[in-house]
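In the working numbering, the protein residues as written are 685 to 1115.
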């Protein structure tokens, strides 16, 4: 039985949410919907399964219970996020041990407040892969802060969710069909036998950018052809790095080959592809096999050329495409990037024997090789020197390779380094 959780503020959107609930149930006789009221004031209705006052009394945060009626709107949202997250976490965990209680999807519909609330709950509690859908009035805007590194599907409501009409009924009906289909697929997959972590193919995370694609493609080909390995490639757009780190924390990834660490440049220099200050930490803390390199650390990412901050006027820029402008990192910035990497390795490594740092001295990206537009030997040396200095005296292997990051041999050697850390043998029948 596909089981879908419907989150919504019943004090402001009850008619619309009840219509959405009815459409989901109409998808099939075996669909179950748990309707959770996350509004400001309690609503009494036969189809509400978890009332607002139940959330605020039985699922309060550790900081203590508050009177929601007395809180400003913004504080209400924050408080209800905590209460709803506590309930959903308990419900999801219960389903892990009792298949009849398992959750297969989560949906919300509303305006900006509803969207912020529901998205935070979904991101906080539900694992990547479990269907999540939000029908929102602001889904056509910048959804980066809403979606984050989670796999939340956003559907634009077109008109406001303020009274049912022919268009909103169509949109909500489509949303019901979407979450019903996703939940059905997820529920069917959950019945399949999936090898747990430690059995079957090993799951390896790889980080990639356009200018390191040849390297990562070769690694993926080499690992897949020779070992029982399944590669998950993450595009280093900020969200990509955060998603990989999250999957490490969730125990999904068993090893990481962090070829491309360009998101650090954006974190330190104000670029648009910032993965946050905790980048690199998850694999180091987990103690899993981890090979980290410095792919694409020659660049900071901005949008169209006119969006590059004025403080960078006069810097070396390269238009990757009409919507992405790259700025060459300076020697001073490269020194800071190298220090960032070294500090993370020094401060967060659980098992030094599982970590290697590999430096491609021939060029850290496709455009940073000799003769390329971003070739800068001084900046590269500042990066490498900062890593050497920061890891001096620490029993972590630093490998300096004279080849460029996209050299085929370099890529194969990177893959083999990770293989040795993982203790893998070549698959039977493969050469």
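Ideal Cβ placement from N, Cα and C applies to all residues, glycine included.
Because the structure is a prediction, the values reported are computed rather than measured.
Reference residue i; option with closest CA among the options
| i | options | result |
| --- | --- | --- |
| residue 700 | 811, 735, 819 and 747 | 819 |
| residue 723 | 784, 1104 and 755 | 755 |
| residue 787 | 851, 742, 760 and 717 | 717 |
| residue 1039 | 966, 1055, 729 and 1004 | 966 |
| residue 890 | 932, 705 and 747 | 932 |
| residue 954 | 926, 906 and 1010 | 1010 |
| residue 970 | 1020, 1032 and 962 | 1032 |
| residue 798 | 721, 859 and 1014 | 721 |
| residue 941 | 714, 826 and 1106 | 1106 |
| residue 741 | 1057, 869 and 766 | 766 |
| residue 1092 | 959, 983, 906 and 773 | 906 |
| residue 831 | 812, 843 and 909 | 812 |
Range covered by the beta strand (DSSP E) that runs through residue i
| i | result |
| --- | --- |
| residue 913 | 913-919 |
| residue 1029 | Unbroken run through residue 1029 is the alpha helix (DSSP H), 1015-1032; no beta strand (DSSP E). |
| residue 792 | 789-794 |
| residue 1044 | 1039-1044 |
| residue 1084 | 1081-1085 |
| residue 1093 | Careful: residue 1093 lies outside any beta strand (DSSP E), inside the alpha helix (DSSP H) at 1092-1106. |
| residue 690 | 687-692 |
| residue 983 | 983-986 |
Beta-carbon proximity of residue i to residue j, cut-off 9 Å
| i | j | result |
| --- | --- | --- |
| residue 902 | residue 939 | no |
| residue 1080 | residue 943 | no |
| residue 1116 | residue 913 | With the chain represented from 685 up to 1115, any question about residue 1116 goes unanswered, as that position is not in the structure. |
| residue 963 | residue 929 | yes |
Rounded C-alpha distance that separates residue i from residue j
| i | j | result |
| --- | --- | --- |
| residue 686 | residue 1035 | 42 Å |
| residue 1041 | residue 1083 | 6 Å |
| residue 1007 | residue 988 | 4 Å |
| residue 1115 | residue 915 | Caution applies to residue 1115, whose pLDDT of 49 falls short of 50 and renders its modelled position unreliable; the model cannot decide the point. |
| residue 807 | residue 1055 | 44 Å |
| residue 981 | residue 1048 | 7 Å |
| residue 692 | residue 822 | 16 Å |
| residue 1086 | residue 789 | 49 Å |
| residue 841 | residue 994 | 37 Å |
| residue 846 | residue 732 | 19 Å |
| residue 1027 | residue 893 | 23 Å |
| residue 697 | residue 836 | 21 Å |
| residue 1101 | residue 745 | 45 Å |
The alpha helix (DSSP H) enclosing residue i, as first and last residue numbers
| i | result |
| --- | --- |
| residue 906 | 897-910 |
| residue 1051 | That residue, residue 1051, is in no alpha helix (DSSP H); it is neither H nor E in DSSP. |
| residue 889 | Per DSSP, residue 889 belongs to no alpha helix (DSSP H); it is in the beta strand (DSSP E), 886-892. |
| residue 950 | 947-953 |
Three-state class that DSSP yields for residue i in the structure shown
| i | result |
| --- | --- |
| residue 997 | coil |
| residue 760 | helix |
| residue 936 | coil |
| residue 814 | coil |
| residue 1058 | coil |
| residue 733 | coil |
| residue 942 | strand |
| residue 776 | helix |
| residue 833 | coil |
| residue 1012 | strand |
Residue-level contact to chain B via CB, residue i, 9 Å cutoff
| i | result |
| --- | --- |
| residue 902 | Reference to chain B is not applicable here, since this structure consists of a single protein chain. |
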